[in-house]
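Undergrad:
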Amino acid sequence: MKLSVLLERITYEICQGSTEQEVSSVVFDSRKVSEGSLFICIRGAVVDGHSFVEDVVKKGAKTLVVEEEVSVPDDVTVVKVEDTRYAMAYISAAWFGNPAEKLKTIGITGTKGKTTTTYMVKSILENAGYKVGLIGTIETIVGDKVTPASNTTPESYVVQQSFREMVDAGCDAVVMEVSSQGLMLHRTEGFVFDFGIFTNIEPDHIGPNEHTSFEHYLSCKSMLLKQCKVGIVNRDDSHFEKIIEGHTCSLETYGFSQEADLRAEQPKLVSRPGYLGISYHVAGLMDFPVEIDIPGKFSIYNSLTAIAICRHFKVDQDDIVKALKNAKVKGRIEMIKVSDEFTLMIDYAHNAMALESLLTTLREYNPHRLVCLFGCGGNRSRDRRFEMGEVSGKLADLTIITSDNPRNEEPQAIIDDIKTGISKTDGKYVEIIDRKEAIAYAIHHGEPGDIVILAGKGHEDYQEIKGKKYPMDERVLIAEILEEDRQK
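Here our numbering is used: the first residue of the sequence shown is 67, the next is one more, and so on.
(1) Any contact of the stretch 461-475 with the stretch 391-410, i.e. 3+ C-beta pairs under 8 Å?
(2) Shorter than 8 Å, the distance from the beta carbon of V89 to the closest heavy atom of the ligand ATP, or not?
(3) Taking the beta strand (DSSP E) that M242 belongs to, which residues open and close that run?
(4) CA-CA distance, K485 and A506?
(5) Please classify P230 as buried or exposed, where buried requires at least 16 other C-beta atoms within 10 Å of its C-beta.
(6) When you compare the stretch 248-268 with the stretch 212-220, are there three or more beta-carbon pairs, one atom per stretch, that lie closer than 8 Å?
(7) Label V119 either buried or exposed according to how many other C-beta atoms from any shown protein chain fall within 10 Å of its C-beta, with 16 as the threshold for buried.
(8) Please state the DSSP three-state secondary structure of P139.
(9) Relative to the C-alpha of N368, which candidate in V348, K380, F379 and D382 has its C-alpha closest?
(10) Per DSSP, what are the beta-bridge partners of Y51 in this structure?
(11) Please report the distance separating the alpha-carbon of Q247 from that of V225.
(12) Could you tell me the distance, in whole angstroms, from the CA atom of A194 to the CA atom of A389?
(13) Which residues does DSSP list as the beta-bridge partners of F259?
(14) Can you find the residues in the same chain that come closer than 7 Å, C-beta to C-beta, to E74, ignoring five residues on each side of it along the sequence?
(15) Since S288 is in the alpha helix (DSSP H), which residue starts that stretch and which ends it?
(16) Output the boundary residues of the beta strand (DSSP E) element that contains K403.
(17) Is the stretch 378-396 in contact with the stretch 185-199, if contact means three or more CB pairs nearer than 8 Å?
(18) Can you look up G350 in the DSSP assignment and give me helix, strand or coil?
(19) Could you tell me which residues DSSP puts in a beta bridge with Y414?
(20) Would you mind giving the Cβ-Cβ distance between V145 and V131, rounded to the nearest angstrom? I have them listed as a contact below 8 Å.
(21) Would you mind listing the alpha helix (DSSP H) stretches within the stretch 348-388 that are 4+ residues and don't spill past its ends, in chain order?
(22) Could you check the C-alpha separation between M466 and V212 for me, to the nearest Å?
(23) Please classify P433: is it buried, with 16 or more other beta-carbons within 10 angstroms of its beta-carbon, or exposed?
(24) Which whole-angstrom value is the C-beta distance of G110 and V89, which I expect to be below 8 Å?
(25) Are the beta-carbon atoms of D260 and I201 separated by less than 9 Å?
(26) Look up F264 in the DSSP assignment and give the residues it is bridged to.
(27) Drop a sphere of 10 angstroms on the beta-carbon of S137, count the other beta-carbons inside from all chains shown, and report buried for 16 or more, exposed for fewer.
(28) What's the C-alpha gap between K178 and F264?
(29) Could you tell me whether the stretch 315-330 touches the stretch 297-306, where touching means 3 or more Cβ pairs closer than 8 Å?
(30) Could you check where the alpha helix (DSSP H) with T486 kicks off and where it finishes?
(31) What are the start and end residues of the beta strand (DSSP E) that includes V496?
(32) With burial defined as no fewer than 16 other Cβ atoms inside 10 Å of the residue's Cβ, what is the status of H510: buried or exposed?
(33) By DSSP, does F105 sit in helix, in strand, or in coil?
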């Protein structure tokens, strides 16, 4: 492909060479350069791509996209741009034939609810006959191909590559999680979303390697409403006015507020032995009742968001109701049947804010006891351990402290930190280092009417110890425990 085609939608300066240069591949990882490659010099948090210029030219790169002047042989074309990440998004889109233009694109951002909402949207649209690709925190799905995710929002080249695969696989639409980092680093530039959704915002991801302040975090997330045709925003969020400031899309709202275009009314908790759910009535732009097999008020928000999106696809009400009833997300309040007398579920809650939200939600169902099993990751902030211990001690009737991903720390040291947090409360606890033994304890000591939550691992199917990942899926552990019980 000619370089001129790849540069059509960006502003650039040719420092040397010609736009008639042929490009054999587009690369941003120096290890993947081959003869005729176009290499994009990306400044990362740890490594600067400009430092690999000499190496990639030796490997055969004939075109460089840079932010600063470089010295290379005359047969190498040098393209200077203001921001190489921004340029990469447009170059990648052109390289793959601008595939987003052949898909209905749905981008969902927000502090909470992104993952569950993407799966709900996929479930509803597929139930109505659409073929839908998905890009998110857990995995990327293209037809029958499932690839585990390393970032919530991949680099722009990978996003465009996935879009191309989706078009080739016959997909009609793609629904993807859009992180604040993804927006800040221009991973979703190069196309305009058909629908941009803003679920909510709370202080999170604020630190030296992420966002400098809550204001910066909010402004990054709000960028989505300048990169979409239709914006769909939670009207109940206390930062609503700030979120929509400067938006360039047509705007719709959802929530409990009477000002919302699509509203949830008459919410009711649904509880039976071994089952928790919630029901409500959709009002405003649509009018019908819904019941979901996922507990909590946030399940109303997630499903209402999905309805607000799928409404634009002319999906029949019956299809929406049926699909929402069947929508399941691995590791997000995922109920696992182990008893007719108590409820057990798996959830990814791995920080104090998420755990507090989860336990507060489950408390509303008035369980006989709320039992919380969790551990904390090693080589991470100790504050998280103190905070999670305090939250569980305050809200759970019994905490079972166990291992998560100890990494290079001693599991007992992590447990001791969690106990320091619990000691600030009157909460009862037991400590069992081995996670399988801890889960077995939770199952064997379950009492009628209990809600037992296994928190922290969620969709993860491994345990990281001393730099190595060992297979460990809580669903498998539960099945093994139940099988061992049967054989006794």
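We put the beta carbon where it would ideally sit given N, CA and C, even for glycine.
TA: Quick answer:
(1) no
(2) Looking for the ligand ATP in the displayed structure turns up nothing, as the structure carries no ligands at all.
(3) What you label residue 242 is simply residue 176 of the sequence shown in a count that begins at 1. Start and end: A239 to E243.
(4) Taking the first residue of the sequence shown as 1, we reach residue 485 at position 419. Taking the first residue of the sequence shown as 1, we reach residue 506 at position 440. Rounded to whole angstroms, K485 to A506 spans 21 Å at the Cα level.
(5) Residue mapping note: residue 230 aligns to position 164 of the sequence shown, counting from 1. Note on identity: in this sequence residue 230 is Arg, with Pro being the wrong assignment. So R230 counts as buried.
(6) Touching, per the Cβ criterion.
(7) Taking the sequence shown and counting its residues from 1, the one referred to as residue 119 is at position 53. V119 is buried by the Cβ-count criterion.
(8) Locating residue 139 in the sequence shown gives position 73, where the first residue counts as 1. DSSP places P139 in coil when its eight states are reduced to three.
(9) Working through the sequence shown from its first residue, we reach residue 368 at position 302. Among V348, K380, F379 and D382, the Cα nearest to that of N368 belongs to V348.
(10) Lying outside 67 to 554, the shown extent of the chain, residue 51 is not represented and no answer is given.
(11) Stepping through the sequence shown from its first residue, residue 247 is reached at position 181. Stepping through the sequence shown from its first residue, residue 225 is reached at position 159. V225 has its alpha-carbon roughly 14 Å from the corresponding atom of Q247.
(12) As a first step, residue 194 is located in the sequence shown; it is residue number 128 there, counting from the start. As a first step, residue 389 is located in the sequence shown; it is residue number 323 there, counting from the start. If you take the alpha carbons of A194 and A389, they lie about 9 Å apart.
(13) On the sequence shown, position 193 is the one that residue 259 refers to. Answer is C294, bridged to F259.
(14) Translated into the one-based positions of the sequence shown, residue 74 becomes position 8. Hits under 7 Å: A160.
(15) Counting from one through the sequence shown, the residue named residue 288 turns up at place 222. Residues F280 to S288.
(16) In the sequence shown, counting from the first residue as 1, residue 403 sits at position 337. Run containing K403: none; DSSP gives neither H nor E here.
(17) yes
(18) Counting from 1 along the sequence shown, the entry for residue 350 is found at position 284. Strand at G350.
(19) Within the sequence shown, the letter at position 348 stands for residue 414. DSSP output for Y414 lists no bridge partner at all.
(20) Stepping through the sequence shown from its first residue, residue 145 is reached at position 79. Stepping through the sequence shown from its first residue, residue 131 is reached at position 65. Yes, they are in contact, since the Cβ atoms of V145 and V131 sit about 5 Å apart, within 8 Å.
(21) Here the runs fully enclosed are 363-376.
(22) Reading the sequence shown from its first residue, position 400 is the one you call residue 466. Reading the sequence shown from its first residue, position 146 is the one you call residue 212. Reading off the sequence, residue 466 comes out as Ile, not Met. One alpha carbon belongs to I466, the other to V212, and they sit about 33 Å apart.
(23) Along the sequence shown, one-based indexing puts residue 433 at 367. Residue environment analysis places P433 among the buried positions, since at least 16 neighbouring C-beta atoms fall within 10 angstroms of its C-beta.
(24) Counted from its first residue, the sequence shown places residue 110 at position 44. Counted from its first residue, the sequence shown places residue 89 at position 23. G110 to V89, Cβ: 23 Å. No contact.
(25) Translated into positions along the sequence shown, residue 260 becomes position 194. Translated into positions along the sequence shown, residue 201 becomes position 135. I201 is positioned such that its CB atom lies no closer than 9 Å to that of D260.
(26) In the sequence shown, residue 264 corresponds to position 198, counting from 1. Note: F264 sits in a beta bridge opposite T175 and V299.
(27) On the sequence shown, residue 137 is found 71 positions in, with the first residue counted as 1. Label assigned to S137: exposed.
(28) Taking the sequence shown and counting its residues from 1, one reaches residue 178 at position 112. Taking the sequence shown and counting its residues from 1, one reaches residue 264 at position 198. Cα to Cα, the separation comes out at about 10 Å.
(29) A contact exists between the stretch 315-330 and the stretch 297-306.
(30) What you label residue 486 is simply residue 420 of the sequence shown in a count that begins at 1. It spans P477 to I488 - the alpha helix (DSSP H) in which T486 sits, taken as one unbroken run.
(31) Locating residue 496 in the sequence shown gives position 430, counting from the first residue. Segment K494 to E497, the beta strand (DSSP E) holding V496.
(32) Sequence index remark: in the sequence shown, residue 510 carries index 444 (1-based). Flag for H510 reads exposed.
(33) On the sequence shown, residue 105 is found 39 positions in, with the first residue counted as 1. In the structure shown, the three-state DSSP call for F105 is strand.
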